[in-house]
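In what follows, a structure is listed as structure tokens, so that the remarks can point back to it.
Protein chains in written order, with my numbering: chain A, 154 to 885; chain B, 10 to 156.
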């Protein structure tokens, strides 16, 4: 296990660890499930591709977090899957076995990451076996994995040094008595996460927690010292009949506590003086078996209280009284502590779902009110009802906005994992690169933040690998040797724009075109703007990297990025200038749950257009519509606007009588616009986005569904995919 | 003795059966919203108490001609492999028990419909009951990625 793994654990990535764990565990599960399916189905290309992607993103994410052993393991697995993918190897039983072994090991490693302990799972044997398999050698019989550590207590290695808790004579005797009676005495060295504020409060919380398992006899340094000092760890002497693991678990449950090392304590007679910074080093010293001796709790409690007046404040020796004292303590120390609370995201999502349902219900009320008004339009009670629903509507939108704000997270939480990535990558590529972060305070929905990390990572890797030149090349081109990658975010209406720009060599448009042509992805070059050509790299199956590198991978990149963004209702665009650099612009909706929508008619059907992408609505005369290259266009204030007929697009029969004028809803994302020809406008409404489910997830032009006030399902249009669609049509 | 409990329904002149454990509920036909670009056998989606679920027309799926909705038409809401969807049938006939012994494997040339939808044929006196394999009703060719 390298030093790097360990250091990384708590240093600056702590807050992303949860994302990483969640995501990686999911990918491992996907892999494991997929492998079992693979075993059944043999060479299923789609499945192998999925597996490869899972392994790839697992590797990428682990690389970002600096868990090198997971990267090593998944890299080999990825290699193996890549051969399968390219048809160089056939699915075989040993292969599935070994890949399953990989998932087991990675799971084990992730468990250690989760427990904040060093990764020490052996993996080289699996890597060797995979290499042997790839060389075509007979497989070494796959070993079963005997989860090496997790059943054992990872927290009780045999080496430790007893800490001198500076017990008074009296207390020491009590502790010894207790040991004599068979109760456990443990010393726990507890490390704070880096940059923890209000350490004293955390310590008090830890001590309180210990009441669930036993008692704290002594704490050093004292709470007072912790408050003023800058220690990053403290030690507790604990009496407990529970196992060390249980104690450890309790302690780790306190937020901002990064690491806990527990040993049975035997230092009541001898002891080394504690200098807090030396506590960690102490682990490597002499070996002492914890001699457990019985004790009498009651006796001990009484013994401690008078003898340790300092500890009483921090150490509740009787549950009732000191709790109040601690609460005061906490409040006076950290007045800013009460400003934030942590809430389980499931609870929050639940709240937001309920708000969503209420929005639907209110819409129904409005409808009922309107129906009533038509029937009894002079009735005062009906008017009363309608006024009330209007007021309710106002309350609802406030409530909804507040609820949505709960989920807003600054994008900085995603950004701040990249400096490390860029640093590592620039070392690996021997390039000098600086990453500049801007707009980190820009807020967007939690759901978006969770999924934007991977696409961004891909793009940054791409910029490092293909964008920025080597220092020599840069010097030759008269540029500073230090290349810059800028990550910027800002709000743009109801969207967030994220820019990834580099000052590198720019895209080689000729090469891109040649490549796309040779792969049959593109036709005549005529009529293609530079930007059109640059956008070719987002087509599936396109990758200019002739060389497979560890960094930007094997062409799983760009089309996957685009697809991921499209799935979020977003878009990506490129601008590039030879010699000056490339900028990727991502536009995403701020939230994914409730949206304002414009309801439009196509034939007898109703569709919802997200209002955030509606620019305007027009009434256009048929004769103004001109056919250009197979696509209907209309002139709008000097610009040509391509049109799509929703009827045609969705395979509805054409209108019996062609109207002289048609409604056009102009929709746009970024600077791209498109006109949707519809048969009528139904007004705007708030809608809750519902998924169409797994079966119907990936239909072109449809982003999801919603339920209208009358209980009918209406489909929501996917403007991003419609616009990209027509761009492709134009290109082709 | 092993026996199966089945929900049986009619489709044209044939009678079919599905395992009752997979049946979540049986409902009258609500308004169905067509989903453009979906496979032809997907009739559309419906609102089932706030959830949007797809509905398969079994007639289309089995290559039978379409018929107008009647008073007897129903949607059987199924949960197969944790996924909820509905199948539209002409009429739900009964719930019955069938001995495992009276179930035979599907005939090689299966009544003119795709044999991978059929799990077996049950015999109740003179009646023949086609037992459906629901794993393949929804999905199958839909699993491929659209991009």
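For glycine and all other residues, C-beta sits at the position ideal for the given N, C-alpha and C. Treat the numbers as computed from the prediction; the structure is a model and nothing was measured.
request  = Return the residue from the list A:859, A:574, A:202 and A:682 that minimises the CA-CA distance to residue 239 of chain A.
outcome  = A:202
ask   = Which residue or residues does DSSP assign as beta-bridge partners of residue 339 of chain A?
value = A:391 and A:417
task = Please confirm if the segment 616–631 of chain A is in contact with the segment 557–570 of chain A, defined as three or more CB-CB distances below 8 angstroms between the two stretches.
result = no
task = Compute the beta-carbon to beta-carbon distance between residue 341 of chain A and residue 54 of chain B, rounded to the nearest angstrom, for a pair I have assumed lies under 8 angstroms.
result = That pair is no contact at about 56 angstroms.
C-alpha gap between residue 95 of chain B and residue 860 of chain A, whole angstroms = 18 angstroms
request  = Counting only the same chain and skipping the five closest in sequence on each side, list residues whose C-beta sits under 7 angstroms from that of residue 871 of chain A.
outcome  = 722, 854, 855 and 856
key: Secondary structure of residue 372 of chain A, DSSP reduced to three states   = strand
inquiry  = Comparing C-alpha positions only, which one of A:542, A:508 and A:510 sits nearest to residue 523 of chain A?
reply    = A:542
ask   = Between residue 137 of chain B and residue 83 of chain B, what straight-line distance do the alpha-carbon atoms span, to the nearest angstrom?
value = 21 angstroms
ask   = Would you call the CB atoms of residue 740 of chain A and residue 650 of chain A closer than 7 angstroms?
value = yes
task = Run down chain B in chain order and give the residues with a C-beta less than 8 angstroms from the C-beta of residue 803 of chain A.
result = 45 and 46
task = For residue 30 of chain B, count neighbouring Cβ atoms within 10 angstroms of its own Cβ and tell me buried if that reaches 16, exposed if not.
result = exposed
query = Run through DSSP, which three-state label would residue 241 of chain A get?
reply = coil
message = List, in chain order, every chain A residue whose beta-carbon is nearer than 8 angstroms to that of residue 36 of chain B.
response = Within chain A, no residue comes near residue 36 of chain B; the closest Cβ sits about 13 angstroms away, beyond 8 angstroms.
request  = Tell whether a beta-carbon distance below 7 angstroms holds between residue 107 of chain B and residue 13 of chain B.
outcome  = yes
task = Using a Cβ cut-off of 7 angstroms (strictly closer), state whether residue 862 of chain A contacts chain B.
result = no
request  = Grab the span of the alpha helix (DSSP H) containing residue 318 of chain A for me, first residue to last.
outcome  = Neither: residue 318 of chain A is in no alpha helix (DSSP H) and is coded neither H nor E.
request  = Mark residue 484 of chain A as exposed unless 16 or more other C-beta atoms lie within 10 angstroms of its C-beta, in which case mark it buried.
outcome  = Per-residue confidence for residue 484 of chain A stands at a pLDDT of 38, beneath the threshold of 50, marking its modelled position as unreliable; the derived number appears in the next sentence. Its Cβ having fewer than 16 others within 10 Å, residue 484 of chain A is exposed.
inquiry  = Can you pull out the residues from the segment 76–88 of chain B whose beta carbon lies closer than 8 angstroms to at least one beta carbon of chain A?
reply    = none
task = Go ahead and label residue 874 of chain A buried or exposed: buried means 16 or more other beta carbons lie within 10 angstroms of its beta carbon, across all protein chains shown.
result = buried
message = Is the beta carbon of residue 635 of chain A closer than 7 angstroms to that of residue 583 of chain A?
response = no
inquiry  = If I measure Cβ to Cβ from residue 169 of chain A and keep anything under 6 angstroms in the same chain, skipping five residues before and after, which residues do I get?
reply    = 570
message = Between the segment 223–237 of chain A and the segment 266–283 of chain A, can you find at least three pairs of beta-carbon atoms closer than 8 angstroms?
response = yes
ask   = Any beta-carbon of chain A closer than 7 angstroms to the one on residue 56 of chain B?
value = yes
inquiry  = Is residue 714 of chain A close to chain B? Criterion is C-beta to C-beta, closer than 7 angstroms.
reply    = no
inquiry  = Tell me which residues of the segment 179–194 of chain A have at least one Cβ-Cβ distance to chain B shorter than 7 angstroms, keeping chain order.
reply    = none
key: Minimum Cβ-Cβ distance from residue 687 of chain A to chain D less than 7 angstroms   = Reference to chain D is not applicable here, since the protein chains of this structure are A and B.
ask   = For residue 845 of chain A, which residues in chain B fall below 8 angstroms Cβ to Cβ?
value = 44, 54, 61 and 63
key: residue 835 of chain A versus residue 753 of chain A: straight-line alpha-carbon distance, rounded   = 5 angstroms
task = Please decide whether residue 115 of chain B counts as near chain A, where near means a Cβ-Cβ distance under 7 angstroms.
result = no
query = Mind checking residue 719 of chain A: buried by the 16 CB within 10 Å criterion, or exposed?
reply = buried
request  = Could you give the DSSP three-state label for residue 792 of chain A: helix, strand or coil?
outcome  = strand
ask   = Using a C-beta to C-beta distance shorter than 9 angstroms, which residues of chain B count as neighbours of residue 219 of chain A?
value = Result: empty, since nearest Cβ-Cβ is about 32 angstroms, beyond 9 angstroms.
ask   = Per the contact definition of three or more C-beta pairs closer than 8 angstroms, is the segment 213–224 of chain A in contact with the segment 187–201 of chain A?
value = no
key: the segment 828–853 of chain A: positions lying closer than 7 angstroms to chain B by Cβ   = 843, 845, 846, 847, 848, 849, 851, 852 and 853
key: Cβ-Cβ separation, residue 831 of chain A to residue 771 of chain A (assumed contact under 8 angstroms), whole Å   = That belief does not hold up - the Cβ atoms of residue 771 of chain A and residue 831 of chain A are roughly 11 angstroms apart, past 8 angstroms.
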